[in-house]
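Written below as structure tokens is the structure these notes are about.
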Amino acid sequence: MDLFPSITPLTPPHSEEEWLDWLRLLRSRRVGVSTFFRLMTEHGSAAAALDGLPAIATAAGVSDYAPVGRDSAADELRRGRLAGARLIAWGSDAYPPALADIPDPPPLLWALGRPAMMAQATVAMVGARNASSLGLRMARSMADGLGREGIVTVSGLARGIDTEVHKATLATGTIAVMAGGVDVVYPPENAVLAREIEEHGLILSEQPIGLKPQARHFPRRNRLIAGLSRGVLVVEAAAKSGSLITARDALDQGREVWAVPGHPFDARAAGCNMLIRDGATLVRGPRDIAEALAALPAQSVAAAVPADEDARRTTDPVVAGATAVDRNARAQTEQSNTEEAPRSASNGSGADERATADPDRSERAISPAATGKATSEDTAPRPDASLGAQQADRKAKHARTAAEIPQNRPAPRSLSETAALHQQILDRLGPSPTSEDQLIRDLGQSTSRVTAEIVTLELDGRILRQPGGLLSRV
Numbered sequence: 005m006d007l008f009p010s011i012t013p014l015t016p017p018h019s020e021e022e023w024l025d026w027l028r029l030l031r032s033r034r035v036g037v038s039t040f041f042r043l044m045t046e047h048g049s050a051a052a053a054l055d056g057l058p059a060i061a062t063a064a065g066v067s068d069y070a071p072v073g074r075d076s077a078a079d080e081l082r083r084g085r086l087a088g089a090r091l092i093a094w095g096s097d098a099y100p101p102a103l104a105d106i107p108d109p110p111p112l113l114w115a116l117g118r119p120a121m122m123a124q125a126t127v128a129m130v131g132a133r134n135a136s137s138l139g140l141r142m143a144r145s146m147a148d149g150l151g152r153e154g155i156v157t158v159s160g161l162a163r164g165i166d167t168e169v170h171k172a173t174l175a176t177g178t179i180a181v182m183a184g185g186v187d188v189v190y191p192p193e194n195a196v197l198a199r200e201i202e203e204h205g206l207i208l209s210e211q212p213i214g215l216k217p218q219a220r221h222f223p224r225r226n227r228l229i230a231g232l233s234r235g236v237l238v239v240e241a242a243a244k245s246g247s248l249i250t251a252r253d254a255l256d257q258g259r260e261v262w263a264v265p266g267h268p269f270d271a272r273a274a275g276c277n278m279l280i281r282d283g284a285t286l287v288r289g290p291r292d293i294a295e296a297l298a299a300l301p302a303q304s305v306a307a308a309v310p311a312d313e314d315a316r317r318t319t320d321p322v323v324a325g326a327t328a329v330d331r332n333a334r335a336q337t338e339q340s341n342t343e344e345a346p347r348s349a350s351n352g353s354g355a356d357e358r359a360t361a362d363p364d365r366s367e368r369a370i371s372p373a374a375t376g377k378a379t380s381e382d383t384a385p386r387p388d389a390s391l392g393a394q395q396a397d398r399k400a401k402h403a404r405t406a407a408e409i410p411q412n413r414p415a416p417r418s419l420s421e422t423a424a425l426h427q428q429i430l431d432r433l434g435p436s437p438t439s440e441d442q443l444i445r446d447l448g449q450s451t452s453r454v455t456a457e458i459v460t461l462e463l464d465g466r467i468l469r470q471p472g473g474l475l476s477r478v
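The sequence shown lines up with residues 5 to 478 when you count with the working numbering.
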């Protein structure tokens with residue numbers, strides 16, 4: 005039975021105009037991931053959703069609203085082409101199957117390098133930026149061992165553990181998920197490493213080309229790191245490390261969570277030790293990960309990524325729908341601008357950044373109730389004491405529902421319904437901590453829906469998560 009009926013089936017863009025419409029809608033102010041899919045479901049196409057946006061904004065009390073213009077979207081496509089990046093749309097053959105399975109898949113992804121990496125077995129590795137020598141050595145050993153097992157690593161190109169993971173698996177396959185645009189390297193000292201990953205692996209981002217990362221972008225990026233992977237391995241992390249956000253995302257997405265134990269007196273290992281205490285699997289070496297993966301159900305890779313240039317022509321927005329003359333002209337432009345492209349892409353104007361809204365504001369829909377602070381990357385909720393039981397329950401539930409619920413249609417929820425649920429959640433919370441499970445029971449709605457909105461409010465800084473699965477209102 006189709007649980008998520010819509011006006012028309014949601015299909016990826018094919019013509020250049022459709023690509024521009026998707027970009028315009030996604031980059032428009034107050035439109036994030038969930039709002040994008042809701043508008044697409046309600047209106048049937050990006051063009052129709054764009055036409056209806058001003059009226060929706062007016063009804064929500066937002067005056068003088070206008071979607072992002074066509075020129076801005078065309079400029080992003082142009083700068084992406086100059087940077088050598090490829091735009092991948094949700095629902096296309098090139099879209100990573102693992103990401104299509106998470107609750108809030110990005111509608112569009114910029115990819116720089118070899119997209120075929122996303123169709124292989126993957127494991128995320130994250131950890132501290134100020135990692136110890138032992139932590140860095142462990143990261144290198146684990147990553148190298150996983151690479152030898154044919155596993156592609158996924159990380160965030162940050163200092164410390166992330167850097168070691170990417171370096172150790174350049175030859176075997178690695179994916180770097182960026183908090184900013186794929187053409188903006190952060191931290192800057194990893195510029196050479198980023199070029200090597202582009203050549204041998206893949207750089208991926210849902211953010212606009214040229215966007216410089218800010219603190220609020222990192223939690224959203226972390227969900228993609230977890231979503232791309234069969235599981236997340238935390239090598240070394242403090243008690244409030246952003247790596248714990250990635251671990252929680254993995255748990256919520258039905259992925260495995262592994263952790264490397266550390267000395268109890270070392271603060272940089274406190275987060276890993278907490279994860280193990282709360283039910284994460286302790287690992288001693290890459291063989292432990294390989295054995296855990298072997299025990300999991302086979303990963304679905306039905307939507308294989310086209311690897312050759314002919315297949316690329318059917319999905320690349322720069323090529324699809326264009327005439328041979330257009331393709332020749334673009335090829336000449338790319339050749340003449342090879343050296344200049346990264347500079348022009350990464351030095352986008354402030355006007356460009358203001359004109360393109362960030363996907364991290366997915367639930368900050370056009371609504372008077374949609375306000376709040378951003379969450380810093382370094383502020384993470386403490387894992388629940390029942391992490392192990394939750395992980396088993398979530399994986400079992402995930403396996404049962406994967407074949408039953410269509411993953412290619414987001415639930416059609418109106419903006420007013422989302423705003424009302426946000427208010428109900430906030431009304432039931434106060435300064436004194438409340439159990440998340442009790443809150444879900446009190447609301448009487450589906451666990452998946454309430455959990456998704458709790459995460460949104462948490463990222464907006466309106467809810468504080470405390471040890472033991474407790475929540476309080478900020």
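Note that beta-carbon positions come from the ideal geometry of N, C-alpha and C, so glycine has one too. The structure displayed is predicted, hence computed values, not measured ones.
- Within the region 214-302, complete alpha helix (DSSP H) segments of at least 4 residues are found at 221-231, 247-256, 274-281 and 290-298, given in chain order.
- The alpha-carbon separation between Ile293 and Gly151 amounts to approximately 11 Å.
- Counting along the chain, no alpha helix (DSSP H) covers Val158; the unbroken beta strand (DSSP E) around it starts and ends at Val156 to Ser159.
- If you look at Gln470, you'll find it in the beta strand (DSSP E) that goes Ile467 to Gln470.
- For secondary structure counted as the alpha helix (DSSP H) over 4 or more consecutive residues, the region 97-174 holds these complete runs in sequence order: 137-152 and 165-172.
- With fewer than 16 other beta carbons inside 10 angstroms of its own, Ser137 counts as exposed.
- Counting of Cβ neighbours within 10 angstroms places Asn194 among the buried residues, the total reaching 16 or more.
- For Ser209, the enclosing beta strand (DSSP E) starts and ends at Leu206 to Ser209.
- In terms of CA proximity to Gly184, Leu113 leads the group Val238, Leu113 and Gly154.
- Burial state of Asp55 is exposed, judged by a 10 Å Cβ sphere holding fewer than 16 other Cβ atoms.
- Every unbroken stretch of the alpha helix (DSSP H) spanning 4 or more residues and falling wholly within the region 29-75 is given here in chain order: 37-47 and 50-63.
- Contact check for Gly95 against Thr173 fails: the beta carbons are separated by 8 Å or more.
- Residue state for Ala87 is assigned as coil, using DSSP reduced to three classes.
- Around the Cβ of Glu203, a 10 Å sphere holds fewer than 16 other Cβ atoms; the residue is exposed.
- Taking all protein chains in view, the Cβ of Glu421 is surrounded by fewer than 16 other Cβ atoms within 10 Å, so the residue is classified as exposed.
- In this structure, the CA atom of Tyr190 is about 28 Å from the CA atom of Pro290.
- When secondary structure is reduced to three states using DSSP, Ser439 falls in the strand class.
- Straight-line measurement puts the Cα of Ser145 at about 15 Å from the Cα of Gly154.
- Ala180 has Ser159 and Ile207 as its beta-bridge partners, per DSSP.
- When the Cα atoms are used, Asp97 and Leu232 turn out to be separated by approximately 16 Å.
- Of all C-beta pairs linking the region 439-447 to the region 41-59, fewer than three are shorter than 8 Å, placing the two stretches out of contact.
- Rounded to whole angstroms, Glu457 and Thr62 show a C-alpha spacing of 24 Å.
- A direct Cα-Cα distance of roughly 13 Å separates Thr45 from Leu29.
- Setting aside the 5 residues that flank it on each side, Ala271 is surrounded in the same chain by Ala242 and Ala243, each with a C-beta closer than 8 Å to its C-beta; the list follows chain order.
- Spatial neighbours of Leu468 in its own chain (CB-CB distance under 6 Å, excluding positions within 5 residues in sequence) are listed in chain order as Ser476 and Val478.
- Rounded to whole angstroms, Tyr99 and Ala93 show a C-alpha spacing of 6 Å.
- In this structure, Thr250 lies near Ala230, with their beta-carbon atoms less than 8 Å apart.
- One thing to note: Leu206 has its Cβ no nearer than 8 Å to the Cβ of Met129.
- A straight-line Cα-Cα distance of about 17 Å links Gly472 and Ser245.
- Excluding five sequence positions before and after Arg163, the CB atoms of its chain that fall closer than 7 Å to its own CB belong to Arg133 and Pro191, given in chain order.
- Arg445 counts as exposed, since fewer than 16 other C-beta atoms from the protein chains shown sit within 10 angstroms of its C-beta.
- Within a 10 Å sphere around the beta-carbon of Arg288 sit fewer than 16 other beta-carbons, which makes this residue exposed.
- Where Leu14 is concerned, there is no enclosing alpha helix (DSSP H), because DSSP gives it neither an H nor an E.
- Residue environment for Glu21: exposed (fewer than 16 other C-beta atoms within 10 angstroms of its C-beta).
- Here Ile60 is actually not in contact with Leu425; their C-beta atoms are around 18 Å apart, not less than 8 Å.
- Here Gly131 is near Glu240, since their CB atoms are less than 8 Å apart.
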